[in-house]
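Asks:
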Amino acid sequence: MEKSRPYVILSAATSIDGKIATVTGDSKLSSKQDSIRLHNLRSKVDAIIVGKNTVLIDDPMLTVRYTRGKNPIRIILDSKGTISKNSKIIQTSNKVPTIIAVSNQISKSNLDKLKKFPIEIIVAGKNSINIKLLLRKLSDKKIKSILVEGGGTINWGFIKYDLFDELIITISPFLIGGKNAVSLIEGNGFRKISNSPNLRLKSIKRLKNHLVLNYAKV
Ligand SMILES: NC(=O)C1=CN([C@@H]2O[C@H](COP(=O)(O)OP(=O)(O)OC[C@H]3O[C@@H](n4cnc5c(N)ncnc54)[C@H](O)[C@@H]3O)[C@@H](O)[C@H]2O)C=CC1
Ligand SMILES: Nc1nc(O)c(N)c(N[C@@H]2O[C@H](COP(=O)(O)O)[C@@H](O)[C@H]2O)n1
22 MEKSRPYVIL SAATSIDGKI ATVTGDSKLS SKQDSIRLHN LRSKVDAIIV GKNTVLIDDP
82 MLTVRYTRGK NPIRIILDSK GTISKNSKII QTSNKVPTII AVSNQISKSN LDKLKKFPIE
142 IIVAGKNSIN IKLLLRKLSD KKIKSILVEG GGTINWGFIK YDLFDELIIT ISPFLIGGKN
202 AVSLIEGNGF RKISNSPNLR LKSIKRLKNH LVLNYAKV
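Taking our numbering, the leading residue of the sequence shown gets 22, the next gets one more, and so forth.
(1) So the candidates are G90, I96, R86; which of them puts its Cα closest to the Cα of S76?
(2) Indicate whether I143 and L98 have their beta-carbon atoms separated by less than 8 Å.
(3) Give me the residue from N219, S100, Y236, S217 with the minimum Cα distance to I225.
(4) Looking at the unbroken beta strand (DSSP E) that takes in V76, where does it start and where does it end?
(5) May I ask you to list the residues that DSSP assigns as paired with T119?
(6) Please report the distance separating the alpha-carbon of L155 from that of L228.
(7) For V203, does the count of other Cβ atoms within 10 angstroms reach 16, so buried, or fall short, so exposed?
(8) Any chance the CB of G46 is under 7 Å from a heavy atom of ligand 1?
(9) Examine the Cβ distances between the segment 27-42 and the segment 176-187 and report whether three or more of them are shorter than 8 Å.
(10) Confirm, please, whether the CB-CB distance from N107 to P139 is below 8 Å.
(11) Measure how close the beta-carbons of R26 and S160 come, nearest whole angstrom, since I'm counting them as under 8 Å.
(12) Would you identify the three-state DSSP class for L168, choosing helix, strand or coil?
(13) Which word fits M22, buried or exposed, when buried means at least 16 other C-beta atoms lie within 10 angstroms of its C-beta?
(14) Please confirm whether I78 and K101 have their CB atoms less than 8 Å apart.
(15) Quick one: does the C-beta of A34 sit closer than 7 Å to a heavy atom of ligand 1?
(16) Is it true that the CB of A68 sits closer than 8 Å to the CB of S51?
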């Protein structure tokens, strides 16, 4: 692991066929038991990262609710700063520490809108967000561990540049299908299996009909 970045865990629930959401964006794949496991993990990391589309579609809280523990800092990758002020993330930014990571593409009016809320804005990148640069800036802020909770586009951003250490995937007992449904990893993907990071299976946990697979980078 590079010292200049935090420890990064990629986390998601997939269907048996590797989708994280249906074509309509329905993504409730985890069981209650698996959600408790996830919230326990959330309570142990310094921050959670999700992408702009995930906020738009899920309107998540990204807090610890199914167990006791501290809320991690919430970080949204949103190059142009288009997050809705009505989203739960913005509406609860006075209670839960929140960072919006933007790029130089953000307009002055979007920046001014964001500045009205008690959130921190980090600029990292010219067009899209430069994830490596962002991780360096987060490391400077003493953020040592991050849980990346999707979606598929963000996951590819981390995997493409080899910016992760662990992968925790819950395989849920559903079949979704459809070429336009969201996959665990979106983007262009690797052209050859040999380009894939090498992963070691650390553990398997069975939660009734769900399987939690924990892989570490070799
Ligand atoms: N089952 C599960 O565990 C999860 C499911 N989901 C589902 O995934 C879907 C959303 O996934 P996606 O559409 O793939 O969107 P996403 O949530 O990965 O967001 C992608 C967007 O983030 C922005 N972005 C900024 N900088 C970026 C960078 N460096 N790299 C990549 N993106 C960057 C871009 O606007 C990009 O379009 C939703 O339907 C959500 O429900 C999301 C998280 C977990
Ligand atoms: N682990 C996991 N299992 C699922 O079935 C999911 N749909 C997700 N989604 C991620 O969790 C966020 C929702 O968080 P809150 O319950 O609102 O705190 C969602 O936006 C995805 O990032 N994860």
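Think of the CB as a built atom: it goes at the ideal place given N, C-alpha and C, for glycine as much as any other residue.
Replies: Checking against the coordinates, here is how it stands:
(1) Translated into the one-based positions of the sequence shown, residue 76 becomes position 55. Reading off the sequence, residue 76 comes out as Val, not Ser. Measuring from the Cα of V76, the nearest candidate turns out to be I96.
(2) Working through the sequence shown from its first residue, we reach residue 143 at position 122. Working through the sequence shown from its first residue, we reach residue 98 at position 77. Not closer than 8 Å, so no.
(3) Indexing the sequence shown from 1 puts residue 225 at position 204. Comparing Cα-Cα distances from I225 to each of N219, S100, Y236, S217, the minimum goes to Y236.
(4) Your numbering for residue 76 matches position 55 in the sequence shown. V76 -> not in any beta strand (DSSP E); alpha helix (DSSP H) instead, spanning 73-79.
(5) Within the sequence shown, residue 119 is the residue found at index 98, counting from 1. Answer is R95.
(6) Your numbering for residue 155 matches position 134 in the sequence shown. Your numbering for residue 228 matches position 207 in the sequence shown. Rounded to whole angstroms, L155 to L228 spans 35 Å at the Cα level.
(7) Sequence index remark: in the sequence shown, residue 203 carries index 182 (1-based). With 16 or more other Cβ atoms within 10 Å, it is buried.
(8) Your numbering for residue 46 matches position 25 in the sequence shown. Answer for G46: yes, Cβ within range of ligand 1.
(9) Verdict: yes, contact present.
(10) Here residue 139 is taken as the residue at index 118 of the sequence shown, counted from 1. Here residue 107 is taken as the residue at index 86 of the sequence shown, counted from 1. Not in contact: P139 and N107 (Cβ atoms no closer than 8 Å).
(11) If you number the sequence shown from 1, residue 26 lands on position 5. If you number the sequence shown from 1, residue 160 lands on position 139. Approximately 5 Å separates the beta-carbon atoms of R26 and S160; this is inside 8 Å, confirming the contact.
(12) The residue labelled residue 168 in the question sits at position 147 within the sequence shown. It is a strand residue.
(13) Here residue 22 refers to the residue found at position 1 when the sequence shown is read from its first residue. Confidence at M22 is low in this model, with a pLDDT of 46, below 50, so its placement is unreliable and the value that follows should be read with caution. Residue environment: M22 is assigned as exposed (fewer than 16 neighbouring CB atoms within 10 Å of its CB, all protein chains considered).
(14) Your numbering for residue 78 matches position 57 in the sequence shown. Your numbering for residue 101 matches position 80 in the sequence shown. Result no, Cβ atoms of I78 and K101 do not sit closer than 8 Å.
(15) In the sequence shown, residue 34 corresponds to position 13, counting from 1. Yes - ligand 1 has a heavy atom lying nearer than 7 Å to the Cβ of A34.
(16) Numbered from its first residue, the sequence shown carries residue 51 at position 30. Numbered from its first residue, the sequence shown carries residue 68 at position 47. The beta carbons of S51 and A68 sit no closer together than 8 Å.
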